[in-house]
Amino acid sequence: MGKTIAKSSIFLNFACVLISAFILIPVVIIFLTSLDPAKYIRFPPSGFSLLWYEYFFSNKVWQNGLLNSVYVAVLNTIISVPCGILAAYAYRKYTFKLKNIFNTIMIIPYVTPSLLVGIALLMAFGRTILRGTYFIVAIAHALWSTSFIYILMQAALSNYDFTYEEAAKDLGANLFQMFSEVTLPLLKSAFIAAILFAFISSFGEVTMAIFLVTSKTVTLPVLLWTSLKYELHPVATVASVICIIFAIVIFMLITKFFGTGMLSKIGM
Numbered sequence: 607m608g609k610t611i612a613k614s615s616i617f618l619n620f621a622c623v624l625i626s627a628f629i630l631i632p633v634v635i636i637f638l639t640s641l642d643p644a645k646y647i648r649f650p651p652s653g654f655s656l657l658w659y660e661y662f663f664s665n666k667v668w669q670n671g672l673l674n675s676v677y678v679a680v681l682n683t684i685i686s687v688p689c690g691i692l693a694a695y696a697y698r699k700y701t702f703k704l705k706n707i708f709n710t711i712m713i714i715p716y717v718t719p720s721l722l723v724g725i726a727l728l729m730a731f732g733r734t735i736l737r738g739t740y741f742i743v744a745i746a747h748a749l750w751s752t753s754f755i756y757i758l759m760q761a762a763l764s765n766y767d768f769t770y771e772e773a774a775k776d777l778g779a780n781l782f783q784m785f786s787e788v789t790l791p792l793l794k795s796a797f798i799a800a801i802l803f804a805f806i807s808s809f810g811e812v813t814m815a816i817f818l819v820t821s822k823t824v825t826l827p828v829l830l831w832t833s834l835k836y837e838l839h840p841v842a843t844v845a846s847v848i849c850i851i852f853a854i855v856i857f858m859l860i861t862k863f864f865g866t867g868m869l870s871k872i873g874m
């Protein structure tokens, strides 16, 4: 029995190491490649230098791409977080007709391919003044983000006791006091996670954005994709590293405030 457990433990440890290596090796390769001073992408690198990092942060095109990604991500967060939270809150707290249909409608954007959303929005707004604006790109991202935040908040609200709010009302609390002193403290971690998820999902999105941006509003992922499409320029690896760093930092913040238990509930 003891030998069987020991063998199982060795196998599980080996599997964990193998899976971790499978995930981390591409990231390590991208990072090392970004430090290569050569004028084209290659691996292994011939040397190590911050040349292309200096180029990235001194080049207006790449700077604007990074700033545009931040602008769109912030705008998407402002739009999607309140919508997703309020929709999930209403679904959990209230009983109304067509509740199941409402739930289905809220989940549809999450399971709809981003390519279709991008094409649909291009057809709808391609000839309007909204095409190429930060707003329309943020709206495209918000469709997906709102749906995801709705699912995330459903998981958070599954253990939420609404009787606390009723007790606060009975004690004379108004709507603002109830939210700020009861709801917000109890769901603070979920709110923070929703904000972080909305930001990073928009920051790294390319499929929808590629249909909607112009040269003035091009985001970093779209710029990265375009760069690799026409030329394997080393600065693309620097952009990739920056996107990866953003994702890692956001995930670390999520696990700090939200924990890993809720992530498993929403399938992350």
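Under my numbering, the residue at position 150 of the sequence shown is numbered 756, and the numbers go up by one with no gaps.
Built from N, CA and C at the ideal position, the CB exists for glycine as well.
Remember, predicted model here, so these are calculated numbers, not experimental data.
Neighbour-count burial assignment, residue i, 16 or more Cβ in a 10 Å radius
{"i": "GLY873", "result": "With a pLDDT of only 44 at GLY873, under the threshold of 50, the placement of this residue in the model should not be trusted; the figure read from the coordinates follows. Under this definition GLY873 is an exposed residue."}
{"i": "LEU673", "result": "exposed"}
{"i": "MET858", "result": "exposed"}
{"i": "TYR646", "result": "exposed"}
{"i": "MET875", "result": "The displayed coordinates of the chain run from 607 to 874. Any statement about residue 875 would go beyond what the structure contains."}
{"i": "MET932", "result": "In this structure the chain extends from 607 to 874, so residue 932 is not present and cannot be described."}
{"i": "LEU749", "result": "buried"}
{"i": "GLY778", "result": "exposed"}
{"i": "THR861", "result": "exposed"}
{"i": "ILE691", "result": "buried"}
{"i": "THR769", "result": "exposed"}
{"i": "TYR697", "result": "buried"}
{"i": "ILE856", "result": "buried"}
{"i": "SER846", "result": "buried"}
{"i": "LEU656", "result": "exposed"}
{"i": "SER870", "result": "Only weak support exists for where SER870 lies, its pLDDT of 47 falling under 50; the value from the coordinates is given anyway. It is exposed - the Cβ of SER870 has fewer than 16 other Cβ atoms within 10 Å."}
{"i": "ALA621", "result": "exposed"}
{"i": "GLY724", "result": "buried"}
{"i": "LEU722", "result": "exposed"}
{"i": "THR789", "result": "buried"}
{"i": "LEU829", "result": "buried"}
{"i": "LEU802", "result": "buried"}
{"i": "LEU763", "result": "buried"}
{"i": "ASN682", "result": "buried"}
{"i": "SER786", "result": "exposed"}
{"i": "ILE616", "result": "exposed"}
{"i": "ILE629", "result": "exposed"}
Which of helix, strand or coil DSSP assigns to residue i
{"i": "GLU837", "result": "coil"}
{"i": "THR710", "result": "helix"}
{"i": "PHE817", "result": "helix"}
{"i": "TYR700", "result": "coil"}
{"i": "GLU811", "result": "coil"}
{"i": "SER846", "result": "helix"}
{"i": "ASN665", "result": "coil"}
{"i": "SER655", "result": "coil"}
{"i": "LYS876", "result": "With the chain running from 607 to 874 in the structure shown, residue 876 is simply not present."}
{"i": "VAL687", "result": "helix"}
{"i": "PRO827", "result": "helix"}
{"i": "LYS705", "result": "helix"}
{"i": "PRO632", "result": "helix"}
{"i": "MET868", "result": "Low per-residue confidence applies at MET868: pLDDT is 49, beneath 50, and the placement is therefore not dependable enough to give any value."}
is_contact[residue i, chain C] using C-beta, thresh 8 angstroms
{"i": "ALA696", "result": "In the displayed structure, chain C is absent; only one protein chain is listed."}
Whole-angstrom C-beta distance between residue j and residue i, which should lie under 8 angstroms
{"i": "THR825", "j": "GLY738", "result": "Not really, about 12 angstroms apart at Cβ, beyond 8 angstroms."}
{"i": "SER753", "j": "TYR716", "result": "4 angstroms"}
{"i": "SER751", "j": "ALA804", "result": "5 angstroms"}
{"i": "PRO827", "j": "SER626", "result": "Their Cβ separation, rounded to whole angstroms, is 25 angstroms, which puts PRO827 and SER626 out of contact at 8 angstroms."}
{"i": "TYR740", "j": "TYR677", "result": "5 angstroms"}
{"i": "PHE649", "j": "ILE635", "result": "6 angstroms"}
{"i": "ALA800", "j": "ILE755", "result": "5 angstroms"}
Under 8 angstroms: do the stretch 767-776 and the stretch 804-824 share three or more Cβ pairs, one atom per stretch?
Output reads no: the stretch 804-824 does not touch the stretch 767-776.
Count Cβ pairs between the stretch 848-860 and the stretch 802-810 that sit closer than 8 angstroms; are there 3 or more?
At 8 angstroms Cβ cutoff, the stretches touch.
Any contact of the stretch 634-653 with the stretch 833-846, i.e. 3+ C-beta pairs under 8 angstroms?
With the cut-off at 8 angstroms, the stretch 634-653 and the stretch 833-846 touch.
Would the stretch 826-838 and the stretch 666-680 be scored as touching if the rule is three or more Cβ pairs under 8 angstroms?
Counting Cβ pairs under 8 angstroms, three or more are found: they touch.
The stretch 672-692 touching the stretch 727-744, judged by at least three CB pairs closer than 8 angstroms
Taking 8 angstroms as the limit for Cβ pairs, the verdict is that the stretch 727-744 does touch the stretch 672-692.
Runs of 4 residues minimum, wholly inside the stretch 712-798: which ones carry the alpha helix (DSSP H) assignment?
Runs found: 720-731, 740-763, 769-776 and 781-784.
Could you tell me whether the stretch 698-713 touches the stretch 778-795, using the rule of 3 or more Cβ pairs below 8 angstroms?
Short answer: they don't touch.
Under 8 angstroms, with one C-beta from each stretch per pair, do the stretch 726-740 and the stretch 656-665 reach the 3-pair mark?
Between the stretch 726-740 and the stretch 656-665 there are fewer than three C-beta pairs closer than 8 angstroms, too few to call the two in contact.
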